[in-house]
Each structure stands twice: as structure tokens, then as C-alpha cells.
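Participant:
Protein chains in written order, with the working numbering: chain A, 7 to 418; chain Y, 7 to 418.
1. Going along chain A in order, which residues have a C-beta closer than 8 Å to the C-beta of residue 218 of chain Y?
2. Strictly by DSSP, which residues pair up with residue 48 of chain A?
3. Under the DSSP definition of a beta bridge, which residues are partnered with residue 100 of chain Y?
4. With distances taken from CA atoms, which of A/167, A/319, A/65 is nearest residue 125 of chain A?
5. Enumerated in chain order, which unbroken segments of the alpha helix (DSSP H) with a length of 4 residues or greater are wholly contained in the stretch 200-249 of chain A?
6. Report yes or no: is there a C-beta of chain Y within less than 7 Å of the C-beta of residue 158 of chain A?
7. My parser needs the beta strand (DSSP E) runs of 3 or more residues fully inside the stretch 72-154 of chain Y; what are they?
8. Interface residues of chain Y around residue 161 of chain A at Cβ under 8 Å?
9. To the nearest angstrom, report how far apart residue 60 of chain Y and residue 165 of chain A are at their CA atoms.
10. Spatial neighbours of residue 265 of chain A within its chain, please: CB distance less than 8 Å, with the 5 preceding and 5 following residues excluded, ordered by chain position.
11. Is residue 257 of chain A close to chain Y, meaning its C-beta is less than 7 Å from at least one C-beta of that chain?
12. For residue 331 of chain Y and residue 347 of chain Y, which I take to be in contact (beta-carbon distance under 8 Å), what is that distance rounded to the nearest angstrom?
13. Going along chain Y, which residues have a C-beta under 9 Å from residue 76 of chain A?
14. Please list, in chain order, all residues of the same chain as residue 311 of chain Y whose beta carbon is under 7 Å from its beta carbon, the five residues on each side excluded.
15. Where DSSP assigns a beta bridge to residue 177 of chain Y, which residues make up the other side?
16. Counting along the chain, where does the alpha helix (DSSP H) carrying residue 329 of chain A start and finish?
17. Any heavy atom of the ligand ZN closer than 6 Å to the CB of residue 14 of chain A?
18. What's the call for residue 95 of chain A, buried or exposed, on a 16-neighbour Cβ count within 10 Å?
19. Does the distance from the C-beta atom of residue 113 of chain Y to that of residue 221 of chain Y stay below 7 Å?
20. Report the rounded CA-to-CA distance for residue 411 of chain A versus residue 267 of chain A, giving the unit in angstroms.
21. Count the CB pairs spanning the stretch 297-307 of chain Y and the stretch 382-390 of chain Y that are closer than 8 Å, and state whether there are at least three.
22. Below 8 Å on the Cβ atoms is my contact criterion, and I expect residue 11 of chain Y with residue 21 of chain Y to pass it. Report the Cβ-Cβ distance as a whole number of Å.
23. Drop a sphere of 10 angstroms on the beta-carbon of residue 203 of chain A, count the other beta-carbons inside from all chains shown, and report buried for 16 or more, exposed for fewer.
24. Pull up the distance between the alpha-carbon of residue 355 of chain Y and that of residue 146 of chain Y, whole angstroms please.
25. Would residue 367 of chain Y and residue 206 of chain Y be called neighbours here (beta carbons separated by less than 7 Å)?
26. Report buried or exposed for residue 173 of chain Y, applying the criterion of at least 16 other Cβ atoms within 10 angstroms of its Cβ.
27. How big is the Cα-Cα spacing for residue 300 of chain Y and residue 397 of chain Y?
28. Check residue 19 of chain A in the structure and name its three-state DSSP category.
29. Of all Cβ atoms in chain A, is any one closer than 7 Å to the Cβ of residue 168 of chain Y?
30. Comparing C-alpha positions only, which one of A/308, A/199, A/214, A/212 sits nearest to residue 243 of chain A?
31. Near residue 52 of chain A, what residues of its chain come up, given a Cβ to Cβ distance below 6 Å and the 5 sequence neighbours on each side ignored?
32. If you measure from the beta carbon of residue 227 of chain A to each beta carbon in chain Y, is any gap under 7 Å?
33. Just to check my reading of the structure: residue 274 of chain A and residue 162 of chain Y have Cβ atoms closer than 8 Å, yes? What is that Cβ distance to the nearest angstrom?
34. Comparing alpha-carbon positions, which option in Y/240, Y/141, Y/160, Y/217 lies nearest residue 186 of chain Y?
35. CA-CA distance, residue 91 of chain Y and residue 29 of chain Y?
36. Which word fits residue 24 of chain A, buried or exposed, when buried means at least 16 other C-beta atoms lie within 10 angstroms of its C-beta?
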């Protein structure tokens, strides 16, 4: 594990900042009513890359002067590495360029953050062993908890890219068709079992047009975000047979504002858990491709303090994003720059490690008590849910910012 | 039903052309190695709209001078109607503008056709009563053929937009995880049950950001294409529980090259079949929103003549595209210009009306004999499958061109 790289920027050497020099996550920001610009987070500041390129401090053919990261991602892995190298030199303690760079920094507190990239397509997986077991146990009993394909396939389904929003975007409680087990007929009503799913999202940064190996898939992943796959459990229960979740998952998908590049997470690579059955060769990992990233979910009712309702770790996943991407491409499916792959809900072995309220409240049967004394089985109107995560280095951490959203009442 | 509108363009008044003046479907073409240009099909010709706008024959703010129809679609329904009005005047028999327009026509036979629009997201439905009953009977028996939600919800799932290709694009037989009922373990192999699905595709031409009524949804549909949802049944059978089809449907999705605007199909509107159970009000149709479009599937082994293996009609669907789109948006899902909605497989009541080989061969148990004497349960390498369709007017028809693809052997 590497040490903290010291920077001259305010706040970047604090052990609890999400954004030390080791991180350099990329995003899109605006100031006041100004245009959207590419930026990189460093300590309490954002380096305005659009202005940096315009000023000749960086030279990337205009691909830092856009309103999203897709063009830069498409420029390839060599450019990804060069950007990190050059930024590290510019921002390191003692850098000669400090005087030229300092005027290009803006206070993060003054910036509005936007979706960091245009989401081409969004795919969500179901790759957490504990989550799949918990949900399967609730729906099918402990003997049949895991579907028979689960240990062989990184099960996934196509989600809705247009639902992806950046942290801070409010989420309107969905309406939908709901039919309870006692109901004779469905009704169209506001979801009463609106839930979260704590996930990581992998951002595909290189296109492919045919099957690729897990190693190639790993190399094609530009970086990672936190991802909350908001889920209406009552809509899902009635609609999902036989073709899978649809409207239950299409209201919103909240991501963190900063894409942490895979290179920043390299010191935290870990292997996926031991296989319970051997994988087919096209899914075999040539090395550790998962990451040790501590994750937590906070829930705050309006006007009340936040309670952390779950703590878990990305390393709990049974499949890595590289395996998921290789599987995704295996039938010849073209993958594109800007594709977003949700990991699936990340739960750990204990109740305190569960990444959804469905699991935490065991289908609503065991409501959780918040620090305010209120209880929750599912989300209430005006609750705010915030995901956080970081990889812990020696004296520094690699964070993502928050993925947060507040529930507004249904339109109905 | 309206009469043929006579045009001065070669071939446009032939009763069997897909492209009389009543149609005016839009697409994208190129000549030799030239750039992609917007065009409209008329008889045996394509009117080059990019050059028409450059020459001042049409004026649409440059939205006919692009390489796809998304920008024009976004400009709104008023512009859609104006384009049809102005084209009708320019191309009608006796038009004063003939001398100016004639040099802008290119022979369709010389043109290469491309995807007519950038597919934002692709959603596939499961809205054919006969298809759902056939498939359900095969998998679950006749008593449980229809899922309990089917008569209430236009069941759909998100597909893969990057898989959409234009007619004439070869389709490489997919590899994937396959596990037969007798197999102890899955293997990674070429699909042996590669199939077609005969569908119509609705192209969303106006964005929405929240629930919309069925009437609004109807108005937001720009037009229709033929669509073949290539499907690997063996991959699907092993992967699809619990989250639906994924790699089985992501190899390719072939569409016809011309978008027939909804206005051209207006004389052929028909109501959806009588409801077996009442629909919830948000899905009620205020008028006929389905279309009478005759459809057929041809299958040609390499070097052998084509056999028409299915004839059916779009009016067989239980749900219209407008109902599907209204349902799609019901949870607040943002819909975008360029979204493509597959109708679901269109089968009729008889064996000769089945829109997939899965149904035609009843899961492989009853192979079909082609005119060449060969038999097929599923597709063989180098088979070419061609979808055709038209609405029949008095002395004219509204067609789509073909949606055709040839199967190439698996990469494996």
C-alpha cells in the first residue's frame, strides 16, 4: 500500500479527505450559472481542467474542455495515465507550477456538481452472495435461496440509463401497479415499499465490439462511482415475472459526482472470494480485480440527524466488475464508452452489513429503529439517503464524495 | 381509407411499391464512400434531404442536414407535419417544383442504407397474446400459460441499444453459457437454438420527464420500423431467472431502414383487441392506437430460395405502443428522443402465424420443412431471415423496406 502523496492544495493532506493527491477523481462542475466544465477534485478544491487546458497548463486536444468525460475516456488508457501523471506533478508539494495552477482552483463548496459523464447504457448486476442469499431466502426459502445459475453467471439485466442522476437530485416516490398478496386486482398507487440498493458502479471507458477477456475488460474500466439503485419493491414484486425488474428500477439511480479512476484504486485490489464451484474459463480472473472499499449508508428523516443503517465492503462481491463486463460482451454485445455497470447490492454477512432496507427490515417484518427513535421498514417521504465509501491507505483515503438523494412525495 | 396520392417520381405510383407519396418514410443513406445523409424514400428513389435543405428547397434549420433523425424528431410534432406537407407538395404529380427537386433524387438501388436514428435506449415488450400463450404453454403448461400480471401490465424489459443494427448487417451466431436439462454443468458454446422474433418497433420522437397519458404517449411516437429481436433460446433458458433475458438478446436487433411516420399509418389505425379484464385507467386508450399492418418472415438457406415461414398482423397485439410507452413512463422514468420500443413477438392464432421459430417448431419438436426440402427447428449458419410488412390502402401500400440479416458462424 502506497503512502500519502503530499500536495500544496488546501485540505489535500488531511487524513480524512476523500480527495488526496493519490485520488484525483474526475467530475463535472459549474459555478453560479456558468457552463459545465471538467474538473478534478483535490482536497477542498476543484481544479478547473477546462481552463487549465485553455491556459496551456495541460494539453489533451480539447478533451478536457467538454461538459462530460466521455470524449476523454475514449482517448484511451495512455491518456488516462498521462493525465494522472501530469496532475500529480502539478499538484505535488513543492511543484514549480504552483503559481500557474493556483488560479485555476475553485472552492468545492462553491461548485455545483453534475453527472460526470453521459451514461450510454446502464446495466445492473446481482453479484453479492449475501444479498442474493438474503433475498432468495425471503422469496423462496433457505433451501432454494440461490438460483441454480448464480454461482456460474454474473447475473445481470439492462437498466434504464435515463434514470441516472447525480448526487443531490431529489427522487420523487414512484407510482406504479401494485398488487399485494391479499389483493384480488392490482391498483395504480404510490409505492409503499420504496427502497435503496447500495452498489458500486463501474464506468466503461473503452468500447469493444465482440467478446473480450476478463483481463481486457479490467483494462477497459475507466473508474468507479458509488451507486444507489432506488427500487420500488411492491412494483417489482408484481411486475418482475417473467422478464425481470422494469418500472421498479426506472425512477432514479443516484451516483456520486466523482469518478475514481481505476489507477487510484490499484493499491486496494483484492481477489474475489474463493469459488464455490469452478467458473467457466471465459470468466476466470488472471489476478485480483475487486477492491477493498468500505461502504456505508446513512438515513436521515427530515429535521433529524442521520443514522448509519449499514456498513459493508465492496470486497464482499462474488464477481468483479471485470468479470461482469466480460460476461456482458460474451454474446457479441457491443460495449460503449460511458456504459455504467452496477455491481448489484453489496451486503455483508451480518444484519448491520445489509445494503437494502428489504434485507435490513427482512421484508418489512423487522423495522429498524433510527437514532431519532423513528422506525423504518422502507423509506418515508422526505428521508435523505446518503452513500459514502472509501479505500483506506496509510494516512490517507480514496473517497468518492457522496451519493445522496431526498425522497419527495409521489405525484399522484 | 385514403386513395393513392399520385407522384411524378419513378415507381411511386406502382401499387406494390413500399414507398408511394402517401408514405414518405425517412432514413439515412450514403452513396459510394460519401457521407451519411438524411433522405426520404419515394418510389424507386431517395430524395436527398441534406442537399434539398442546402439548396433552399426545404428549410428546417439544418435539421435535415445531419446524419440521423434525432435532431429533427426533437424539433416537434409541428415540424413533423410540416415536412410531410411540404414533401407532398414537392413530389405530387404536376408539382411546379419538379425541375428543382428532380436533381436531388438518387436511385435507391445505388444507395447504402444506415441506421436512421441514434437509438437512445431500447426496450422490448411481450405484448402479443398468442406469443405469450404459446411460450407459456411450452414452459409452464396450458393452465399456467399467461403470467398472472400479463392481462394487467404491458410486460417489458430493457434491452441493449448498442445491439440495434440496420437491415443487411450480418449477425454472428452468439457464444454463451448453455446448460441443457440433462447437463450437470453449464458450458460456454455457440448457441444451437438461435431464433428470430418478428416485431414492430416504435420510435419515440418527443422526450418526457414524468408520467404521461396514453394519448400523450401516442402523440410522442414519431414512427414505426420493422424489428427482429434475434434470440438465443438456449442461453436465455439458463440465464433468465430471476432477472430476465440478458445475453440471449444482446447480440443483434435488426431494424428496417425507413421510419414510417405515424401520420402515414393514420388511415390504418385499429383498436386493440377487446380486454379480457379491465385495464387500470392509466392504460386506457382514448381511441384506436394499433395498426393494421400485414407482416411476414422469409427464411432463405444459402443458395436456396426463400420460404415464407410466417404471416401475421400487427393488429394481433394486446397492447399498443402508446400503452407501452405510457406504462414505461409511469414510474417517472424519463423517456428520450430516439428511444426504441419493441412490440414483442407478433404471433397470430394459427401455426402459420407464429413470429418465432421457437413457436413454429414448438420448442424444436416440430421442425418446419422449407421449400428447398431442408428442415429447420432453429436457424442454421448462413440462413438469411427477412421481415417485411405493409399496410394495404386502396391501390397503394405503406411499407418499411426489409429488415434482413444473414447468420454467420460463431467466432468460437
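Here a beta-carbon is modelled for each residue, glycine too, at the ideal position from N, C-alpha and C.
Facilitator: In short:
1. None at all; the shortest Cβ gap to chain A is about 12 Å.
2. A/51
3. Answer is none; residue 100 of chain Y lacks a bridge partner.
4. A/167
5. 220-226, 239-245
6. yes
7. 111-113, 117-120, 128-131
8. 245, 248, 249, 252
9. 40 Å
10. 31, 32, 33, 75, 122, 123, 209, 228, 229, 230, 231
11. yes
12. 6 Å
13. Those do not exist, as residue 76 of chain A stays about 14 Å from chain Y at its closest Cβ, beyond 9 Å.
14. 377, 378
15. Y/413
16. 327-335
17. Annotation note on the ligand ZN: not contained in the displayed structure, which lists no ligands.
18. exposed
19. no
20. 23 Å
21. yes
22. Going by Cβ atoms, the distance from residue 11 of chain Y to residue 21 of chain Y rounds to 13 Å, so no, they are not a contact pair.
23. buried
24. 19 Å
25. no
26. buried
27. 6 Å
28. coil
29. yes
30. A/199
31. 35, 45, 112, 114, 117
32. no
33. About 39 Å; that fails the 8 Å criterion.
34. Y/240
35. 12 Å
36. buried
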